[in-house]
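Each remark here refers to the structure printed beneath this line.
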Amino acid sequence: QQPVQSPQAVILREGEDAVINCSSSKALYSVHWYRQKHGEAPVFLMILLKGGEQKGHEKISASFNEKKQQSSLYLTASQLSYSGTYFCGTEQYNQGGKLIFGQGTELSVKP
Amino acid sequence: DAGVIQSPRHEVTEMGQEVTLRCKPISGHNSLFWYRQTMMRGLELLIYFNNNVPIDDSGMPEDRFSAKMPNASFSTLKIQPSEPRDSAVYFCASCRPGQSNTGELFFGEGSRLTVL
Numbered sequence: 001q002q003p004v005q006s007p008q009a010v011i012l013r014e015g016e017d018a019v020i021n022c023s024s025s026k027a028l029y030s031v032h033w034y035r036q037k038h039g040e041a042p043v044f045l046m047i048l049l050k051g052g053e054q055k056g057h058e059k060i061s062a063s064f065n066e067k068k069q070q071s072s073l074y075l076t077a078s079q080l081s082y083s084g085t086y087f088c089g090t091e092q093y094n095q096g097g098k099l100i101f102g103q104g105t106e107l108s109v110k111p
Numbered sequence: 001d002a003g004v005i006q007s008p009r010h011e012v013t014e015m016g017q018e019v020t021l022r023c024k025p026i027s028g029h030n031s032l033f034w035y036r037q038t039m040m041r042g043l044e045l046l047i048y049f050n051n052n053v054p055i056d057d058s059g060m061p062e063d064r065f066s067a068k069m070p071n072a073s074f075s076t077l078k079i080q081p082s083e084p085r086d087s088a089v090y091f092c093a094s095c096r097p098g099q100s101n102t103g104e105l106f107f108g109e110g111s112r113l114t115v116l
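Heads up: the protein sequence lines correspond to chains A and B, in order.
Note that the numbering used here has the first sequence beginning at 1, numbered continuously upward.
Note that the numbering used here has the second sequence beginning at 1, numbered continuously upward.
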């Protein structure tokens with residue numbers, strides 16, 4: 001049931017781009033993305049609801065392919081502030097709002 | 001507006017002791033989630049409530065864990081007896097369901113539990 005994220009970790013130089021993937025073996029109603037900085041609570045980035053939907057948050061955007069049960073998070077022109085662990089959360093149909101998180105992708109942006 | 005409030009922030013206890021973690025959700029939010037975070041297991045969903053009613057507690061590890069939500073502004077997670085493997089950060093989160101069944105989750109700062 002837990003979604004699978006890849007890669008587990010990525011190191012970037014400031015200004016570089018990154019993609020984080022999230023996949024599920026179950027049909028998904030929605031995908032959520034959160035970022036957690038060390039020692040802090042996860043913070044909401046965005047929710048994606050429909051197949052092919054894309055959303056953006058600053059220079060962070062995401063897509064959701066409902067048919068493939070996959071979502072990708074795109075970070076462009078990364079900034080130092082983007083460092084942290086990114087979690088995707090998935091919600092299946094008829095689960096009454098149950099949100100399950102992947103294991104996380106640790107992103108480090110270096111100057 | 002006040003966010004989700006959890007207490008205690010830190011708890012160190014000895015094996016076998018009872019531990020009670022508390023959460024006050026954001027006013028107006030009718031869904032509340034308890035998650036446990038460890039390096040090995042990541043963010044695990046333990047239980048969640050809608051309108052004070054437990055909907056799914058399949059993530060509760062065993063009978064030593066119990067959770068209640070007596071009213072819309074308070075929830076507890078209790079571990080009795082505690083064991084060293086329960087050491088983790090416990091997060092409470094609340095939301096007001098929106099376009100999806102689950103809306104944006106607002107997390108508390110977490111309760112870091114250490115069981116010696």
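Cβ coordinates follow ideal geometry from the N, Cα and C atoms, glycine included.
Please report the straight-line C-alpha distance between residue i and residue j, rounded to a whole angstrom.
| i | j | result |
| --- | --- | --- |
| ARG96 (chain B) | ARG13 (chain A) | 37 Å |
| CYS22 (chain A) | THR85 (chain A) | 14 Å |
| TRP33 (chain A) | GLY102 (chain A) | 10 Å |
| SER27 (chain B) | PHE107 (chain B) | 13 Å |
| PRO42 (chain A) | ILE20 (chain A) | 17 Å |
| SER94 (chain B) | VAL4 (chain B) | 7 Å |
| PRO70 (chain B) | GLN8 (chain A) | 39 Å |
| GLN2 (chain A) | VAL89 (chain B) | 19 Å |
| SER61 (chain A) | ILE55 (chain B) | 32 Å |
| PRO81 (chain B) | GLU40 (chain A) | 28 Å |
| GLU91 (chain A) | GLU14 (chain B) | 37 Å |
| PHE44 (chain A) | GLY97 (chain A) | 16 Å |
| TYR29 (chain A) | GLU66 (chain A) | 8 Å |
If you compare alpha carbons, which of the options is closest to residue i?
| i | options | result |
| --- | --- | --- |
| GLU104 (chain B) | A:ASN65, A:LEU49 and A:GLY104 | A:LEU49 |
| GLU16 (chain A) | A:THR105, A:GLY97 and A:LEU75 | A:LEU75 |
| VAL31 (chain A) | A:LYS37, A:SER78 and A:PHE87 | A:PHE87 |
| MET46 (chain A) | A:GLN1, A:SER72, A:ALA77 and A:GLN2 | A:SER72 |
| GLN17 (chain B) | B:SER58, B:LYS78, B:PHE91 and B:SER73 | B:LYS78 |
| PRO61 (chain B) | B:ALA72, B:LEU21 and B:GLU44 | B:GLU44 |
| THR105 (chain A) | B:LYS24, B:GLY42, B:LYS68 and B:LEU21 | B:GLY42 |
| LYS110 (chain A) | A:SER83, A:TYR93 and A:GLN95 | A:SER83 |
| CYS23 (chain B) | B:MET40, B:ALA2 and B:MET39 | B:ALA2 |
Residue i and residue j: beta carbons closer than 8 Å?
| i | j | result |
| --- | --- | --- |
| ARG9 (chain B) | GLU83 (chain B) | no |
| ASN113 (chain B) | SER87 (chain B) | At residue 113 (chain B) the sequence reads Leu, which differs from the Asn that was named. Contact: yes. |
| LEU116 (chain B) | VAL12 (chain B) | yes |
| SER111 (chain B) | GLN6 (chain B) | yes |
| VAL112 (chain A) | LEU80 (chain A) | Absent from the structure is residue 112 (chain A), since the part of chain A shown begins at 1 and ends at 111. |
| ALA27 (chain A) | SER78 (chain A) | no |
| GLN69 (chain A) | SER24 (chain A) | yes |
- request: Starting from the N-terminal side, write out each stretch of the beta strand (DSSP E) that is 3 residues or longer and does not extend beyond the stretch 54–108 of chain B.
  value: Counting only runs of at least 3 residues, the stretch 54–108 of chain B fully encloses the following beta strand (DSSP E) elements, listed from N- to C-terminal order: 65–71, 74–79 and 88–95.
field: Runs of beta strand (DSSP E) lying entirely within the stretch 6–41 of chain A, each at least 3 residues, in chain order
entry: Entirely contained in the stretch 6–41 of chain A, the beta strand (DSSP E) runs reaching 3 residues are, in chain order, 9–13, 18–23 and 28–36.
- prompt: Are the stretch 23–37 of chain B and the stretch 45–57 of chain B touching by the rule of at least three beta carbon pairs closer than 8 Å?
  reply: yes
Validate contact between the stretch 35–45 of chain B and the stretch 90–105 of chain A using beta carbons, cut 8 Å, 3 pairs: yes
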